[in-house]
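J.:
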């Protein structure tokens, strides 16, 4: 009877655990985060902003501004709410109206929730790196220097 070597069993177990760990919770997952946010196009960023209720929403005008500034998912994650509102409507920032403050608060909350969803359910290593900078650096260096020990650490402590 042929038996598989222990390292093969370990690798299969590790891959299964890794796949299970990155799988989302079906009931709690936002459909927008099923695709990696950093792969979103300008159209998907526009759709997300409309869904979040940034008012007054003029989809065509805002989409053109997003396209003009090339705001995709990767750039969306690196911008703060002030920068994004300035791109969408520069006049709104100068007015400093109550509407601007409401939109700013709503956008800040929405961006925070989006980044939190990525932190709890990273789809790619790059999303994991955004949420967990120190761990990602440790894992990358560890995999280069001592891959077996790093995999063992990941298996038991992560």
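Residue numbers (this note's numbering): 1439 to 1596. C-beta atoms are modelled at their ideal positions from N, C-alpha and C, and glycine is treated no differently.
1) If you compare alpha carbons, which of 1572, 1562 and 1523 is closest to residue 1548?
2) If you draw a straight line from the C-alpha of residue 1572 to the C-alpha of residue 1500, how long is it?
3) Kindly give me the distance between the Cβ atoms of residue 1514 and residue 1483, rounded to whole angstroms, as I take these residues to be in contact under 8 Å.
4) DSSP three-state label for residue 1574, please.
5) Once DSSP output is grouped into helix, strand and coil, what is the label at residue 1580?
6) Assuming residue 1540 and residue 1490 make a contact with CB atoms under 8 Å, what is their CB distance in whole Å?
7) Can the beta-carbon of residue 1480 be found closer than 8 Å to that of residue 1510?
8) Under the rule that 16 or more other beta-carbon atoms within 10 Å means buried, what is residue 1502, buried or exposed?
9) Once DSSP output is grouped into helix, strand and coil, what is the label at residue 1527?
10) Taking residue 1516 as part of the alpha helix (DSSP H), name the residues at either end of that continuous run.
T.: In brief:
1) 1523
2) 36 Å
3) 5 Å
4) helix
5) helix
6) In fact, because the Cβ distance is near 12 Å, the residues do not count as touching under 8 Å.
7) yes
8) exposed
9) coil
10) 1511–1516
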